[in-house]
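This report concerns only the one structure given below.
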Amino acid sequence: MNLLHIENLSIDLKTRSEPLSIVDRFSIRMGEGEALGIVGESGSGKSMLAMAIMGILSPKMTMKADYLSLDGEDLMKMEENDRQHYISSKASIIFQDPKSSLNPCFSIGSQLDETLSTHGIHTRSERKEKILSLLDSVGIYQPEKIISLFPHQLSGGMNQRVAIAIALACKPRLLIADEPTTALDVSIQSQILDLILELNKRDNVGIMLITHDFALLSENTDKIGVIYSGHMMEHAATKNILEDARHPYTRSLLNSVPQLGKRHTKGSRLYALDGQIPAIDKLPVGCRLGPRCPKAEKQCVNPPILHSIANHGKVRCHLADLKEQSSSKKNNHSVSGG
Amino acid sequence: MFYSISKQGINFLASFFVLTLFTFALANFFPEKLAFLYANQIDQSLMANHGTNYDLVEPNLFNSYLFYLQQLFDGNLGISSVRGTSVFSEFFTYFPATLELSIVALLFAIFLGVPLGILAARHKNQWQDKSVVSSTLIGYSMPIFWWAMLLVLFFSLWLGVSPVASRIGFEYDISPVTGFMLVDTLLSDQPYSLEAFKSALHHIVLPSVVLGTVPLAIITRSTRSSMISILNEDYIISAKARGLSPVTVLWKHALRNAALPLLTIIGLQVSTLITGSLITESIFAWPGAGKWLLEAVYRRDFPVIHGAILAIASFVILTHFILDLLMTYLDPKLRRKK
Amino acid sequence: MNSQSQFYLHTRIPSTFYLWWSHFKKNKLALVALVVFVLFALTAIFANIIAPHDPTAQFTEFVHLPPSWYDAGQTQFVFGTDYIGRDLFSRLVLGARLSLSLALVVVLLSSSIGIFLGVITSFSNFWLDALIMRIMDFILAIPSLILAVVIVAVIGPGLPNAIYAVALVLIPHFVLTTRTAIRQEKNKEYVTAMILDGASLPRLFFTTILPNILPPIVIQLTFAFSTAILEIATLGFLGLGAQPPFPEWGTILSESYNNFMFASWTVTIPGLAIFFTLLSINLVGDGLRDAMEIEKK
Chain A
123 MNLLHIENLS
133 IDLKTRSEPL
143 SIVDRFSIRM
153 GEGEALGIVG
163 ESGSGKSMLA
173 MAIMGILSPK
183 MTMKADYLSL
193 DGEDLMKMEE
203 NDRQHYISSK
213 ASIIFQDPKS
223 SLNPCFSIGS
233 QLDETLSTHG
243 IHTRSERKEK
253 ILSLLDSVGI
263 YQPEKIISLF
273 PHQLSGGMNQ
283 RVAIAIALAC
293 KPRLLIADEP
303 TTALDVSIQS
313 QILDLILELN
323 KRDNVGIMLI
333 THDFALLSEN
343 TDKIGVIYSG
353 HMMEHAATKN
363 ILEDARHPYT
373 RSLLNSVPQL
383 GKRHTKGSRL
393 YALDGQIPAI
403 DKLPVGCRLG
413 PRCPKAEKQC
423 VNPPILHSIA
433 NHGKVRCHLA
443 DLKEQSSSKK
453 NNHSVSGG
Chain B
5 MFYSISKQGI
15 NFLASFFVLT
25 LFTFALANFF
35 PEKLAFLYAN
45 QIDQSLMANH
55 GTNYDLVEPN
65 LFNSYLFYLQ
75 QLFDGNLGIS
85 SVRGTSVFSE
95 FFTYFPATLE
105 LSIVALLFAI
115 FLGVPLGILA
125 ARHKNQWQDK
135 SVVSSTLIGY
145 SMPIFWWAML
155 LVLFFSLWLG
165 VSPVASRIGF
175 EYDISPVTGF
185 MLVDTLLSDQ
195 PYSLEAFKSA
205 LHHIVLPSVV
215 LGTVPLAIIT
225 RSTRSSMISI
235 LNEDYIISAK
245 ARGLSPVTVL
255 WKHALRNAAL
265 PLLTIIGLQV
275 STLITGSLIT
285 ESIFAWPGAG
295 KWLLEAVYRR
305 DFPVIHGAIL
315 AIASFVILTH
325 FILDLLMTYL
335 DPKLRRKK
Chain C
10 MNSQSQFYLH
20 TRIPSTFYLW
30 WSHFKKNKLA
40 LVALVVFVLF
50 ALTAIFANII
60 APHDPTAQFT
70 EFVHLPPSWY
80 DAGQTQFVFG
90 TDYIGRDLFS
100 RLVLGARLSL
110 SLALVVVLLS
120 SSIGIFLGVI
130 TSFSNFWLDA
140 LIMRIMDFIL
150 AIPSLILAVV
160 IVAVIGPGLP
170 NAIYAVALVL
180 IPHFVLTTRT
190 AIRQEKNKEY
200 VTAMILDGAS
210 LPRLFFTTIL
220 PNILPPIVIQ
230 LTFAFSTAIL
240 EIATLGFLGL
250 GAQPPFPEWG
260 TILSESYNNF
270 MFASWTVTIP
280 GLAIFFTLLS
290 INLVGDGLRD
300 AMEIEKK
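Protein chains in written order, with my numbering: chain A, 123 to 460; chain B, 5 to 342; chain C, 10 to 306.
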């Protein structure tokens, strides 16, 4: 059974004229305990996707989907109030900025306490015990001292640990981490990431790790989905993506990751794709990468569909099937545009 | 915590000091010198030190200021030049009426304004929001003396549902205990105490609506704007994602954060209310401090003008000081600073 | 392959004022308010041409004549006449001139002093800053109308004195706005860059900081303008500003106050004039603020 199954999820931004598409017919399946990485530039709609799954899109957005199930229940068929409660008992989300995702006016303990009591722990002493064990499980030393403190009294890394503890309070089967380490110091980043991955291994929690940083995903995920301008461009096992990315966009993202150590040669230039992600009210015709794509051909003015490729995964590109050509070019790093 | 309290204490004392300097200068500018400032001085200090030879000594400005301060702390504000009664005790007969009216008006503004502001914020850019915003603009642009006349015209003269003036029906004889008519009627042991209370309540409705209109508009607007920014914060989104009920999210998490800026705005309304009471009291023949001051101005009763501005400004400075302390207590960022 | 990035789009970069205007004009309500305000301003400028009668002339045969749309009204007196037979319309038209021009004087007076003090405090040392700010805090602490009333009480009632009083009350708002805005900008990197480039203090202020603190000051100006109109009218109503028979709006209202039970139009119509003037200014101010906020983002 799939932990998460999305068929044709679209998210639109309401405007005075016609709605603007932010995410367009997005489909994905995620297995029990899978670690999925979602990668894309800012503005690609990856955070909106997370919000849509959690049911917390702003009222300015509308979403529709053919099918959206979480842990076996179809969310689209539920009543509004039931849905929010069901989602929160199955999935949790942690945000980029730990300081702003905790309410500055309430102590750490009371925010945890509140979450636990909405999720069915009704006696005070039980909750207290649970709070301490949760804080302990996210690697907070001496949790008794933390619970009476306020978010502004803790460091960013500590706040993110607390945010994870709150997220775990609902015993989620799916943990969505939206850029969980971007706002943290480099030395703290790996600690937080390790914590998230440990949850994945220990408790078999499904992880959806949303990031713009490919390096973060390469060693930590089972599968990777690449989003560009609201479209899923490529979705395949991490190994396949790293070794043999089929979509020009995925390849350019991979090439733009700085290399350390032996692989780095002094004076070599980092690859960057020309141009910018299109504004949502000025989407190009056909393939959304079209105007920026180093390999675009005439047929790219027709919108490509996401199709399966044997021994790989799914790719949205007309040129993905021409395997020989693309893989040989990739090895030479010849995609580089300038 | 101690630092911020002592800073506020110093601010309060400094403001009070500037106030006394101002009123002292004012007293010296009055066309008629305030008798109490100089009479005693001549008797005691000059006579004692210089015998009867007045010409030898220019009254030293610094000494007379010190003497002035001493008089203030003794509660000596002089004697009304029209009625011959003590200004200090007159203030305490008139001021409770102003205070009562202002409190009722402020409660009206808060209990209507905060929910309206929240309603507008929740339905941003929808018809609810637009109608709330335009009514606040109307309320804000209303000259309150005209607004008072319109309400009297409509409710008292056309509909005849509201009394035109004064605090209570003339048939009731209530002896002042606290100076608050609503309290005194209930404390009174007269057989008609309950009817008197109703009459007092009946009399306060229209003036307090008039007086509360501008604060209502301001409170509604600031509740709306701070709620709009708070509702977009990550901690509100994550509280929703945790499955907390919309009621808890709105009234506990969001309102608690809006409370601090709101308290500042409410504190600023003290000035607005006093300004408004000057007009409201003169239209509704409300025997309060505002009407007392205005009549003193008409009759050129300088001791009363001097005493009124000193007492009213002290009251405003004192309330601001108390509110600052309250803010320090309520703001976790200030409270727990170590 | 790389060709498209070598072309520039040669569009003219619009000026800030043009951008403000382009955001402002999308707000239909603010636009209507601006038109209403311009109409009031034109009425004020051409008051003696528009007014059909002398505002102080008493038509003793037409005392308390209702407005022309009543059966008893006459077209000669559009808004009717007051308790001694003066034409209300003419009085209001000349009142518009009085109110708007007085408010303008007040705003010019208080803004020039206030902005000057604001600049001084933000570039001066601790003690001068503390001294000025303490005085401003103090003026703010005294309820504005009370302060104005007391000033008028000391120097005597009358229009010029009312103007000084209202101007004084408005000064701290300008000082605070200017000071806060400059403080926010002063430590930003673009200012530091100008200092490193060796810009002199006046140059630093006028060409670097001033354009960036203009929005709050412009908003403060509209706020001060509507406050000035309201306060002058209030003082007039309380009998401490313009004295009868001067056709000042607040004074007109206070004269009608005693008769408003049987001549309600002498109260409602002047009130509407004040109300719509204030509303239009506040709406324009709101529209400006929104436009400038959008532009800032």
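For each residue, glycine too, the CB sits at the ideal point set by N, CA and C.
Taking a beta-carbon distance threshold of 8 Å, Pro256/C does not count as an interface residue toward chain B. In the three-state reduction of the DSSP assignment, Phe148/A falls in the strand class, which pools E and B.
Its Cα nearest to that of Ile228/C, the residue Gly296/C stands out among Gly296/C, Ser24/C and Glu198/C.
Contacts between Ile241/B and chain A, judged by CB atoms closer than 7 Å, involve Ile178 in chain order. DSSP places Ile309/B inside the alpha helix (DSSP H), whose first and last residues are Phe306 to Leu334. The closest CA to that of Leu288/C, considering only Leu97/C, Asn36/C and Ala42/C, is found on Ala42/C.
The alpha helix (DSSP H) runs lying completely inside the segment 202-290 of chain A and spanning 4 residues or more are 202-212, 220-223, 230-240, 246-259 and 265-268, given in chain order. In the DSSP assignment, Lys436/A falls within the beta strand (DSSP E) that extends over Gly435 to Arg438. Annotated three-state conformation of His369/A is coil, per DSSP. With respect to chain B, the C-beta atom of Ser232/A has no partner C-beta closer than 8 Å. Neighbours of Tyr144/B across chain C, judged by C-beta separation under 7 Å: Asn291.
When rounded, the separation of the alpha-carbon atoms in Pro380/A and Ser242/B is 33 Å.
Within chain A, the C-beta atoms nearer than 7 Å to that of Asp238/B come from Phe217, Asp219, Ser222 and Ser223, in chain order. Exclusion of the five residues before and after Ile321/B leaves Phe16, Ser19, Phe20 and Leu23 as the residues of its chain whose Cβ lies within less than 7 Å of its Cβ. Going by beta carbons, Ala124/B and Val137/B fall inside the 8 Å limit.
CA-CA distance, Leu126/A to Ile150/A, rounds to 8 Å. Taken atom to atom, the span from the alpha-carbon of Ile402/A to that of His353/A is near 12 Å. Taken residue by residue, none of the segment 299-314 of chain A has a beta-carbon sitting less than 9 Å from a beta-carbon on chain B. Given a length threshold of 4 residues, each whole run of the alpha helix (DSSP H) inside the segment 151-214 of chain C is given here in chain order: 153-164, 168-195 and 198-205.
Using a Cβ-Cβ cut-off of 9 Å, Ile309/B is close to Val158, Val159, Ala162 and Val163 of chain C, given in chain order. For the pair of segments examined, the segment 153-163 of chain B was found not to touch the segment 172-182 of chain B: the number of CB pairs separated by less than 8 Å stays below three.
In the three-state DSSP reduction, Val251/B falls in the helix class (H, G or I). Selection Asn80/B, Gly13/B and Ala262/B evaluated against Val118/B yields Ala262/B as nearest (Cα-Cα). In the DSSP secondary-structure assignment, Glu129/A is bridged to Tyr189/A. By the criterion of at least three beta-carbon pairs nearer than 8 Å, the segment 130-149 of chain A is not in contact with the segment 303-311 of chain A. When DSSP states are grouped into helix, strand and coil, Val165/B belongs to the coil group.
Interface residue (Cβ-Cβ distance to chain B less than 8 Å): Pro226/A is classified as such. Following the DSSP letters along the chain, one finds Gly347/A inside the beta strand (DSSP E) bounded by residues Lys345 to Tyr350.
Between Glu240/C and Val161/C, the gap from beta carbon to beta carbon reaches 8 Å or more. Per the coordinates, the alpha-carbon of Val301/B lies some 10 Å from the alpha-carbon of Pro307/B. Under the rule that a run must span 4 or more residues, the alpha helix (DSSP H) segments found entirely inside the segment 233-283 of chain C read 258-266. Around Phe98/C, the same chain offers Val87 and Phe88 as residues with beta carbons nearer than 6 Å, after the five sequence neighbours per side are excluded. Closest option to Phe125/C, judged by alpha-carbon separation, among Pro152/C, Gly167/C and Thr187/C: Thr187/C.
Proximity of chain C to Thr224/B at the Cβ level (cut-off 8 Å) is not reached, the minimal Cβ distance being about 14 Å. Relative to the Cα of Ala190/C, the nearest Cα in the group Tyr173/C, Tyr199/C, Ile218/C and Thr201/C belongs to Ile218/C. The DSSP assignment places complete alpha helix (DSSP H) segments of no fewer than 4 residues inside the segment 60-138 of chain B at 65-77 and 91-126, in order along the chain.
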